[in-house]
Amino acid sequence: MQRNVGVDDRTVGRLESIVGAEHVRTTAGAVAPYARDATPLFHQMPDAVVHPGTTDEVAQVLRFATETGSPVVPRGAGSNLCAATVPLRGGIVLVLTRMNRILEISAAELLAVCQPGVANATLGAAAAERGLLYAPDPGSRVVSTIGGNISTCAGGLRGLKYGVTRNYVLGLEVVLPTGEVIRTGGRLWKDVAGYDLTRLLTGSEGTLGVITEATVALLPLPAHSACGVAYFPALADAGRAVAGVIAAGIVPATLEFLDNRCINAVEDYAGLGLRRDAGALLLFGDDGDPDRVAVHLARISEICLGEGALDVTTAKEVAESEALLAARRCSLPALARLGPMAILEDATVPRPRLAEMVARIDAIADRHDVVIGTFGHAGDGNLHPTCVLHPDDTDAIERAHKAFGEVFRAAMELGGTISGEHGIGASKLPYLVERLGPAQVDLLRRVKTAFDPAGILNPGKLGS
Amino acid sequence: MTGAEPGGPPFSPELLDRCISCGFCLPACPTYALTQEEASSPRGRITLMRAVQTGLLPLAAPEVTEQSSFCLGCRACEVVCPAGVRYGALLEEWRDAGWSGGRRPLRLRALLLAARQRWALGLLGRLRRAASPRRRSTSAMAGELRSHLLLGCFERILYPAVSRSAVAVTGGAVEVPAGTGCCGALHAHNGELERGRAMARRLGDALPGRIVTTSGGCAAHLAEVLGRDRVAELSEWLAADPDTLPVGRLSTDGRLSTDGRLSTDGRPVRVGLQDSCHLRNGLGVAAQPRAVLGRIAEYVEIPGADRCCGAAGTYSMLRPDDSRRILAGKLDAIEAAGVDVVAVVNPGCYRQVRAGLRSRRSPVRVAHLAELVAAAYAGGNQRAR
Chain A
6 MQRNVGVDDR
16 TVGRLESIVG
26 AEHVRTTAGA
36 VAPYARDATP
46 LFHQMPDAVV
56 HPGTTDEVAQ
66 VLRFATETGS
76 PVVPRGAGSN
86 LCAATVPLRG
96 GIVLVLTRMN
106 RILEISAAEL
116 LAVCQPGVAN
126 ATLGAAAAER
136 GLLYAPDPGS
146 RVVSTIGGNI
156 STCAGGLRGL
166 KYGVTRNYVL
176 GLEVVLPTGE
186 VIRTGGRLWK
196 DVAGYDLTRL
206 LTGSEGTLGV
216 ITEATVALLP
226 LPAHSACGVA
236 YFPALADAGR
246 AVAGVIAAGI
256 VPATLEFLDN
266 RCINAVEDYA
276 GLGLRRDAGA
286 LLLFGDDGDP
296 DRVAVHLARI
306 SEICLGEGAL
316 DVTTAKEVAE
326 SEALLAARRC
336 SLPALARLGP
346 MAILEDATVP
356 RPRLAEMVAR
366 IDAIADRHDV
376 VIGTFGHAGD
386 GNLHPTCVLH
396 PDDTDAIERA
406 HKAFGEVFRA
416 AMELGGTISG
426 EHGIGASKLP
436 YLVERLGPAQ
446 VDLLRRVKTA
456 FDPAGILNPG
466 KLGS
Chain B
5 MTGAEPGGPP
15 FSPELLDRCI
25 SCGFCLPACP
35 TYALTQEEAS
45 SPRGRITLMR
55 AVQTGLLPLA
65 APEVTEQSSF
75 CLGCRACEVV
85 CPAGVRYGAL
95 LEEWRDAGWS
105 GGRRPLRLRA
115 LLLAARQRWA
125 LGLLGRLRRA
135 ASPRRRSTSA
145 MAGELRSHLL
155 LGCFERILYP
165 AVSRSAVAVT
175 GGAVEVPAGT
185 GCCGALHAHN
195 GELERGRAMA
205 RRLGDALPGR
215 IVTTSGGCAA
225 HLAEVLGRDR
235 VAELSEWLAA
245 DPDTLPVGRL
255 STDGRLSTDG
265 RLSTDGRPVR
275 VGLQDSCHLR
285 NGLGVAAQPR
295 AVLGRIAEYV
305 EIPGADRCCG
315 AAGTYSMLRP
325 DDSRRILAGK
335 LDAIEAAGVD
345 VVAVVNPGCY
355 RQVRAGLRSR
365 RSPVRVAHLA
375 ELVAAAYAGG
385 NQRAR
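Protein chains in written order, with my numbering: chain A, 6 to 469; chain B, 5 to 389.
Structure, rendered in structure tokens:
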């Protein structure tokens with residue numbers, strides 16, 4: 006880990022003159038909580054934490070940072086799982102949670118305009134009040150921010166039917182590291198003027214610019230949603246059922262799976278009466294017209310039973326469905342009950358290879374003598390193998406890292422990727438060249454330099 | 005019982021290790037809502053605790069001390085924590101280590117001392133015309149473990165009507181011992197963890213069987229030390245058989261009004277609730293007071309009823325400005341809800357919400373659940389205080 010660049014008195018004075026003294030923190034006790042995000046094993050103290058309130062303040066901070074060469078790490082709620090917001094080289098953590106206003110919700114144009122610090126669930130609730138849906142729903146939705154969601158191109162439980170964050174970003178206001186403010190895209194679904202910088206910035210993990218406003222697409226709120234649970238003897242059986250569902254022409258809103266270890270962890274936490282002896286649980290659900298949802302759920306139930314499901318239940322009430330979805334969302338933290346530290350990964354494979362991939366993960370875990378539970382999105386092949394261990398057990402951590410290296414390689418061999426929705430950050434950067442190849446990694450560096458000639462934005466991450 | 009090693013790092017490793025920094029607690033935290041600053045969130049505070057534990061920061065670092073006191077200790081974060089972090093226990097360890105000796109605020113020292121001195125409470129009581137519980141004959145049902153009503157030490161003095169109401173509504177079903185002393189909750193929450201626990205144990209020895217209390221804060225502390233089955237908060241005790249309440253439980257001596265409901269101007273009284281944080285977040289008792297109130301009045305859920313009012317034990321005395329900032333939004337919600345009365349189930353909330361509403365000259369009144377049940381029990385058109 007590199008040494009901090011440091012922030013001197015002149016710098017502090019300048020930052021205070023930009024955002025106000027009450028929005029700058031430099032003492033060890035005040036900046037320590039920003040040394041980490043939700044990723045274990047990555048910590049680095051920033052030198053200063055700045056809470057800007059306006060786009061102009063962001064621009065002034067960035068211009069100043071470019072002049073002085075101080076690293077700047079933009080941060081929302083700090084709930085990412087790839088150490089994207091850990092200030093590896095110290096410098097300034099730029100926290101955007103003060104900019105948390107929803108500026109507009111337009112039912113006529115089916116869009117919302119908001120500041121980056123708005124929580125995903127807050128935008129979702131505001132949209133729902135108007136009969137609208139903001140579809141991306143990462144597991145962290147209660148806390149994670151729209152700015153952070155866009156920066157990591159967050160996915161969620163509805164990815165198969167609704168896509169992910171990138172499918173909903175129409176336009177961005179972005180402050181470049183050199184201080185210019187640009188607006189990409191806008192309120193239009195069709196707009197091909199120039200390179201698609203909106204998409205480039207989506208998932209750029211705070212390395213190209215700081216998002217200060219976003220225009221996102223909304224959908225009409227589905228009239229009805231419901232879900233059910235199927236239990237299988239083994240994950241391979243669930244994998245066949247998923248293939249059968251898609252082959253039957255159904256694209257359900259939800260197709261989530263938990264392996265046996267995750268079922269038990271969630272049950273320990275939420276006490277929903279899940280069947281603890283099952284090898285795999287498939288949570289399926291759909292939304293839309295009530296009749297159509299009922300037909301889909303019935304058909305999925307049939308397919309599951311046909312593929313050897315031990316038991317299939319369909320929840321009757323939306324309230325119950327929400328409890329089930331909530332249970333799935335809490336898989337990660339619930340797994341954390343199995344041990345004091347959980348390393349969560351995000352390997353993704355083409356949907357038909359899901360069961361094969363889980364079998365490989367289990368074999369890798371056995372070989373390296375580590376405990377790995379796997380849950381994830383069966384519909385889009387996105388797996389979350391989660392290793393539970395003790396932070397003081399350096400030997401186990403070493404084994405876990407070796408195991409995950411093999412997991413990533415296995416995913417790529419099966420035509421998959423090293424991260425489906427969490428991002429690269431600092432934690433997966435070592436594997437990026439294997440995934441993209443040297444030519445593409447080099448291009449990423451040149452793109453980064455074009456945006457950020459001084460290399461101040463989130464150094465040590467993508468494009469560095 | 006967990007506890008950090010004497011002389012070693014201040015926190016029990018097994019408590020600290022639980023947190024995975026997922027941040028799910030941030031939206032539940034009232035102080036994070038005020039500042040939007042990581043250090044004043046549960047996750048940020050745990051990061052500070054970890055920094056202290058590993059020696060990265062001294063326990064007496066200004067921000068560390070500030071955050072240990074800025075935290076309300078409402079434990080709303082525990083309910084939403086999927087990893088099962090026992091934040092309240094960590095906070096107790098934090099204050100136990102950090103607020104020792106001269107670092108504890110003077111006002112707090114005086115208060116904690118007073119709670120341990122019967123003469124001091126007595127003096128206060130003389131000034132306030134305290135409720136004086138008489139030893140009652142017991143008519144506990146055969147085969148059932150005796151229950152004792154614990155009248156809060158400060159409540160008896162500051163809110164004698166609550167104590168009298170509690171005695172009335174529990175009827176002959178529980179014993180009402182005199183002079184039981186303090187349960188030690190305030191001590192445990194304010195840096196005298198061992199003393200607070202010892203006081204609870206002493207109380208547990210003095211009152212065998214189930215302890216029924218009108219204070220959510222006392223209930224949670226006693227449950228922590230003595231075990232959950234030893235304690236019942238009043239609404240929990242009353243709601244044990246909700247189908248018959250108040251008719252069944254309260255009509256044992258035939259003093260119930262015909263329908264047992266509170267009315268005003270020929271309509272049912274509209275009652276909301278302010279949850280007691282430790283009762284709700286620590287003991288999971290939230291449905292019971294609502295069920296009881298729904299039996300005796302028209303129950304209205306006040307948005308944000310589950311969030312701390314800012315009383316938070318000694319908080320309103322130690323940090324009056326922050327306490328008022330926390331309270332302000334709640335008062336808005338109460339006034340917008342169109343209730344006649346806000347019911348409380350903890351003396352601290354009583355003082356806080358009533359003072360806030362009075363300062364606004366609000367027509368909404370505050371009453372302890374015991375008072376409302378007693379009024380229904382007494383029958384007729386009620387007047388909530």
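We treat Cβ as the ideally placed atom computed from N, Cα and C, and that holds for glycine.
query	result
A:Ile216 and A:Gly168 - do their beta-carbons sit closer together than 7 angstroms?	no
When you check each C-beta in the region 12-37 of chain B against every C-beta of chain A, which residues fall closer than 7 angstroms?	Asp21, Arg22, Ile24, Ser25, Cys26, Gly27, Phe28, Leu30, Pro31
Could you name the residues of the region 66-85 of chain B whose beta carbon sits closer than 7 angstroms to any beta carbon of chain A, in the order they occur along the chain?	Pro66, Glu67, Val68
Reducing DSSP to helix, strand and coil, say where A:Gly152 ends up.	helix
Given A:Pro345, which residues of its chain have a CB within under 7 angstroms of its CB, disregarding the five upstream and five downstream residues?	His395, Pro396
Unbroken beta strand (DSSP E) runs of length 3 or more, entirely within the region 361-395 of chain A: which are they?	376-382, 387-394
Give a yes or no on whether the minimum CB-CB distance between A:Ala235 and chain B is below 7 angstroms.	no
So who's on the other strand from B:Ser44, going by DSSP bridges?	B:Ser44 is not bridged to any residue.
Which first and last residues belong to the alpha helix (DSSP H) in which B:Arg99 is found?	91-102
Would you mind listing the beta strand (DSSP E) stretches within the region 164-229 of chain B that are 3+ residues and don't spill past its ends, in chain order?	214-217
Under 7 angstroms between the Cβ atoms of A:Thr150 and A:Ala159?	no
How long is the line joining the alpha carbons of A:Lys453 and A:Pro464, rounded to whole angstroms?	10 angstroms
Just the Cα atoms here: how many angstroms apart are A:Ser469 and A:Pro182?	14 angstroms
What does A:Gly293 reach in chain B if we use C-beta pairs closer than 7 angstroms?	Residues of chain B passing the Cβ test: none, with the nearest at roughly 29 angstroms.
Only counting the same chain, and skipping five residues up and downstream in sequence, which positions put a Cβ closer than 8 angstroms to that of B:Arg205?	Val229, Leu230
Give the straight-line distance between the Cα atoms of A:Gly428 and A:Leu108, rounded to the nearest whole angstrom.	28 angstroms
For the region 174-188 of chain A against the region 217-229 of chain A, do three or more pairs of beta-carbon atoms, one drawn from each stretch, fall closer than 8 angstroms, so that the two count as touching?	yes
Based on Cα-Cα distance, which residue from B:Cys281, B:Pro324, B:Ala337, B:Ala340 lies nearest to B:Arg311?	B:Cys281
Should B:Tyr338 and B:Val346 be called a contact, given that it needs their Cβ atoms to be closer than 7 angstroms?	First, the amino acid is wrong: residue 338 of chain B is Ile here, not Tyr. Contact flag set, yes.
Going by alpha carbons, who is nearest to B:Val368 out of B:Val343, B:Ala382, B:Val377?	B:Val343
Going by C-alpha to C-alpha distance, which of A:His389, A:Gly18, A:Val363, A:Ala347 sits closest to A:Ile402?	A:Ala347
Is the Cβ of A:Arg103 closer than 7 angstroms to any Cβ of chain B?	yes
The beta strand (DSSP E) that contains A:Ile348, what's its start and end?	346-349
Which same chain residues end up closer than 7 angstroms to A:Arg192 when comparing Cβ atoms and leaving out the 5 residues on each side of it in sequence?	Glu114, Leu116, Leu175, Gly176, Thr220
In or out: B:Glu305 buried (at least 16 other Cβ within 10 Å) or exposed?	exposed
Short of 7 angstroms Cβ to Cβ, which residues in the region 40-56 of chain B face chain A?	Gln40, Glu42, Ala43, Gly48, Thr51, Leu52, Ala55
Measuring alpha carbon to alpha carbon, tell me which residue in B:Thr318, B:Arg99, B:Gly77 is nearest B:Tyr36.	B:Gly77
Quick one: list the residues of chain B neighbouring A:Val147, beta-carbon separation under 7 angstroms, in chain order.	Phe28, Pro31
With DSSP run on the structure shown, which of helix, strand or coil describes A:Thr34?	Before going further, note that residue 34 of chain A is Gly rather than Thr in the sequence given. Correct three-state label for A:Gly34: helix.
In angstroms, rounded to a whole number, what distance separates the CA positions of A:Arg450 and A:Pro443?	11 angstroms
Would you tell me roughly how many angstroms separate the C-alpha atoms of A:Ala258 and A:Thr127, rounded to the nearest one?	21 angstroms
Taking 7 angstroms as the threshold (beta carbon to beta carbon), is B:Gly88 in contact with chain A?	yes
Counting only Cβ-Cβ distances shorter than 8 angstroms, please list the residues of the region 337-357 of chain A near chain B, keeping chain order.	Leu337, Pro338, Ala339, Ala341, Arg342, Pro345, Met346, Ala347
Output needed for A:Glu312: all residues of its chain with C-beta closer than 7 angstroms, excluding positions within five of it in sequence on either side, in chain order.	Asp242, Arg245, Ala246, Gly249
Taking Cβ positions only, does B:Leu95 come closer than 7 angstroms to chain A?	no
With a threshold of 8 angstroms on Cβ separation, who are the neighbours of A:Ala383 within its own chain once the five nearest residues in sequence on each side are excluded?	Ala243, Gly244, Val247, Leu260, Glu261, Phe262, Leu287, Arg356, Leu359
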